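Chains as they are written, first to last, in this note's numbering: chain A, 18 to 252; chain B, 398 to 560.
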Amino acid sequence: MSKIDHDTGASSSSPECPQALDVALREYLSSDTLNTDELAELMSMQQFRLGSEPHGDVAATSRSFESKRRRRWSLVAACCFVCMAALGSWRYVGYGLEGESNTVALIANELASNHIKLKPLDIEAAQFSTLQGFFTLVDFVPRASRFVIEQGMSNTLLGGRYCSIQGNSATQLRYRDAVGRASTVYQAVYHSDLYGDIPSLDRGELPLEVSVKGLDLYLWVEKGLLMVWVRPPPQ
Amino acid sequence: MLNESELHQLFQYARSFCSQRADALDLVQGGIEVYLQKVTANKKVENKMAFVRKIIRNRFIDLYRREQRFEHESYQELSVYDMSVSTLEGIMISRSELEAVWVQLNEFDRDILFHWAVLGYSTKEIAELLAMPLGSILSRIHRLRQQFASDKSKPPVNKEQGA
Numbered sequence: 018m019s020k021i022d023h024d025t026g027a028s029s030s031s032p033e034c035p036q037a038l039d040v041a042l043r044e045y046l047s048s049d050t051l052n053t054d055e056l057a058e059l060m061s062m063q064q065f066r067l068g069s070e071p072h073g074d075v076a077a078t079s080r081s082f083e084s085k086r087r088r089r090w091s092l093v094a095a096c097c098f099v100c101m102a103a104l105g106s107w108r109y110v111g112y113g114l115e116g117e118s119n120t121v122a123l124i125a126n127e128l129a130s131n132h133i134k135l136k137p138l139d140i141e142a143a144q145f146s147t148l149q150g151f152f153t154l155v156d157f158v159p160r161a162s163r164f165v166i167e168q169g170m171s172n173t174l175l176g177g178r179y180c181s182i183q184g185n186s187a188t189q190l191r192y193r194d195a196v197g198r199a200s201t202v203y204q205a206v207y208h209s210d211l212y213g214d215i216p217s218l219d220r221g222e223l224p225l226e227v228s229v230k231g232l233d234l235y236l237w238v239e240k241g242l243l244m245v246w247v248r249p250p251p252q
Numbered sequence: 398m399l400n401e402s403e404l405h406q407l408f409q410y411a412r413s414f415c416s417q418r419a420d421a422l423d424l425v426q427g428g429i430e431v432y433l434q435k436v437t438a439n440k441k442v443e444n445k446m447a448f449v450r451k452i453i454r455n456r457f458i459d460l461y462r463r464e465q466r467f468e469h470e471s472y473q474e475l476s477v478y479d480m481s482v483s484t485l486e487g488i489m490i491s492r493s494e495l496e497a498v499w500v501q502l503n504e505f506d507r508d509i510l511f512h513w514a515v516l517g518y519s520t521k522e523i524a525e526l527l528a529m530p531l532g533s534i535l536s537r538i539h540r541l542r543q544q545f546a547s548d549k550s551k552p553p554v555n556k557e558q559g560a
């Protein structure tokens with residue numbers, strides 16, 4: 018234990034001058050700050066979410082979301098589909114999202130970011146039943162979606178990890194396609210008040226399809242679960 | 398809307414849980430998103446910083462406890478406590494000594510120290526904010542004092558906590 022000269026406050030074993038613990042903690046903890054990019058990202062997220070015009074070096078996605086949202090309010094759903102397809106960012110398949118676009122945008126941005134980061138798997142498994150047995154700490158049982166099965170016949174299941182969607186417990190299932198690219202499927206208990214009105218496969222609706230950060234995302238509800246599939250665009 | 402100073406402080410709070418920057422940033426982003434949902438739904442939030450910190454803390458517990466990266470630490474509560482925070486206020490410590498101790502602390506202890514040193518809360522206020530019994534807080538403070546007294550001269554241990 019280092020000796021401290023209580024008259025001078027200097028430590029005999031350290032060149033630094035001891036300070037009161039609370040002062041030292043404040044200085045130490047406040048030295049760790051957000052960098053410029055991190056700060057800009059958080060500010061832009063807030064501005065977009067609150068409906069302000071983004072400024073600074075904002076990702077093109079936020080601008081795209083904001084402009085698409087304004088167009089959608091003034092057109093019938095079929096006309097919106099034509100405009101969005103022409104713009105190449107949002108594509109609707111006969112489904113309107115009045116009032117829910119912000120939530121969908123938040124979900125899409127969050128999960129696209131998660132997909133890009135591809136954090137380590139909690140479990141590696143090639144069998145879906147193995148994953149279902151592993152995810153015991155969420156309040157639902159992950160399901161093999163028929164949409165994913167039908168659309169991703171050549172995908173190989175790699176495993177999964179716990180995650181969250183807008184602060185709610187969720188699971189991430191990870192796949193690899195025929196050319197080795199990763200895709201991720203997120204599942205969480207669906208609550209319309211949390212996630213808005215999302216197309217339901219069980220009602221015969223088609224998934225909502227969006228493009229974020231260069232990725233294709235599909236959002237839908239199936240058997241009471243919100244499902245989001247994130248994958249790179251077809252080559 | 399949270400200003401830059403508030404964002405920095407939230408990040409510093411999240412960093413007290415996570416050794417990885419990216420994980421701390423995730424926690425902050427998640428906390429802000431939940432807060433903004435409240436705002437856009439015209440739901441009143443009394444103290445936005447306390448609200449977001451609570452979301453950050455709960456998300457950390459939910460995510461990292463489930464990933465078994467968060468070690469639950471048992472402890473015994475003392476029957477007699479010094480009922481003031483002077484048990485911590487009298488400690489003198491250098492930057493290097495603090496760094497050596499900090500990496501050895503668990504997330505609960507860091508959370509208490511952050512609320513005390515950075516946010517300036519009293520022991521009673523900390524207990525209320527963290528929804529922990531006052532006795533638990535005092536017990537942890539007592540152990541922290543002992544740890545600061547005995548460990549601050551040891552070389553830093555590269556212990557990854559959180560994520």
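No residue lacks a Cβ here, since even glycine has one placed at the ideal position from N, Cα and C. In this text the structure is predicted, and so the values were computed from the model without any measurement.
Nearest-angstrom Cβ-Cβ length linking residue i and residue j, presumed shorter than 8 Å
{"i": "A195 (chain A)", "j": "L174 (chain A)", "result": "That belief does not hold up - the Cβ atoms of A195 (chain A) and L174 (chain A) are roughly 14 Å apart, past 8 Å."}
{"i": "G177 (chain A)", "j": "F157 (chain A)", "result": "Contact flag wrong, Cβ pair sits at about 13 Å."}
{"i": "L42 (chain A)", "j": "L495 (chain B)", "result": "7 Å"}
{"i": "V442 (chain B)", "j": "L407 (chain B)", "result": "Going by Cβ atoms, the distance from V442 (chain B) to L407 (chain B) rounds to 14 Å, so no, they are not a contact pair."}
{"i": "V121 (chain A)", "j": "L225 (chain A)", "result": "7 Å"}
{"i": "T223 (chain A)", "j": "I124 (chain A)", "result": "For clarity, residue 223 (chain A) is Leu in the given sequence; the question names Thr instead. Wrong, their Cβ atoms sit about 17 Å apart, outside the cutoff."}
{"i": "R289 (chain A)", "j": "K240 (chain A)", "result": "The structure shown does not extend to residue 289 (chain A), since chain A spans only 18 to 252, so no value can be given for it."}
{"i": "G427 (chain B)", "j": "S61 (chain A)", "result": "Contact flag wrong, Cβ pair sits at about 16 Å."}
Boundaries (first-last residue) of the alpha helix (DSSP H) holding residue i
{"i": "Y220 (chain A)", "result": "Here the sequence assigns Arg to residue 220 (chain A), which means Tyr is not the residue at that position. Unbroken run through R220 (chain A): none, as it is neither H nor E."}
{"i": "R191 (chain A)", "result": "Premise fails: R191 (chain A) lies in the beta strand (DSSP E), N185 to R193, not in any alpha helix (DSSP H)."}
{"i": "L148 (chain A)", "result": "F145 to F151"}
{"i": "E525 (chain B)", "result": "T520 to L526"}
{"i": "I509 (chain B)", "result": "E504 to L510"}
{"i": "E401 (chain B)", "result": "E401 to R412"}
{"i": "Q168 (chain A)", "result": "R163 to Q168"}
{"i": "W499 (chain B)", "result": "R492 to W499"}
{"i": "R160 (chain A)", "result": "Here R160 (chain A) belongs to no alpha helix (DSSP H), and DSSP marks it neither H nor E."}
Any C-beta of chain A under 7 Å from that of residue i
{"i": "M480 (chain B)", "result": "For M480 (chain B), the pLDDT reaches just 46, beneath the cut-off of 50, and the residue's location in the model is therefore unreliable, leaving the point undetermined."}
{"i": "H512 (chain B)", "result": "no"}
{"i": "V442 (chain B)", "result": "no"}
{"i": "I488 (chain B)", "result": "yes"}
{"i": "L485 (chain B)", "result": "yes"}
{"i": "Q409 (chain B)", "result": "yes"}
{"i": "S493 (chain B)", "result": "yes"}
{"i": "V500 (chain B)", "result": "no"}
{"i": "H405 (chain B)", "result": "yes"}
{"i": "R450 (chain B)", "result": "no"}
{"i": "E430 (chain B)", "result": "yes"}
{"i": "R412 (chain B)", "result": "yes"}
{"i": "M398 (chain B)", "result": "yes"}
Beta carbon proximity, residue i to chain B, threshold 7 Å
{"i": "A41 (chain A)", "result": "yes"}
{"i": "D49 (chain A)", "result": "yes"}
{"i": "P251 (chain A)", "result": "no"}
{"i": "G213 (chain A)", "result": "no"}
{"i": "Q183 (chain A)", "result": "yes"}
{"i": "L135 (chain A)", "result": "no"}
{"i": "E115 (chain A)", "result": "With a pLDDT of 42 at E115 (chain A), under the threshold of 50, the modelled position of that residue is not reliable, and no figure is offered here."}
{"i": "Y45 (chain A)", "result": "yes"}
Where the beta strand (DSSP E) containing residue i begins and where it ends
{"i": "W246 (chain A)", "result": "L242 to R248"}
{"i": "Y203 (chain A)", "result": "A199 to V206"}
{"i": "V227 (chain A)", "result": "L225 to V229"}
{"i": "T53 (chain A)", "result": "First-last for T53 (chain A): T53 to R66, but that is the alpha helix (DSSP H), not the beta strand (DSSP E)."}
{"i": "V238 (chain A)", "result": "L232 to E239"}
{"i": "R178 (chain A)", "result": "T173 to I182"}
>> Across the region 48-65 of chain A and the region 516-532 of chain B, are there enough close Cβ pairs to call them in contact, namely three or more that are closer than 8 Å?
In response: By the criterion of at least three beta-carbon pairs nearer than 8 Å, the region 48-65 of chain A is not in contact with the region 516-532 of chain B.
> Do the region 228-247 of chain A and the region 198-213 of chain A meet, that is, are 3 or more Cβ pairs less than 8 Å apart?
Replying inline: In this structure the region 228-247 of chain A lies against the region 198-213 of chain A, because at least three pairs of beta carbons, one per stretch, are closer than 8 Å.
> Hey, which unbroken runs of the alpha helix (DSSP H) at 4 residues or more fall wholly within the region 418-466 of chain B?
Replying inline: 418-437 and 445-463
> Quick one: any contact between the region 501-510 of chain B and the region 538-546 of chain B, if contact means 3 or more CB pairs under 8 Å?
Replying inline: A contact exists between the region 501-510 of chain B and the region 538-546 of chain B.
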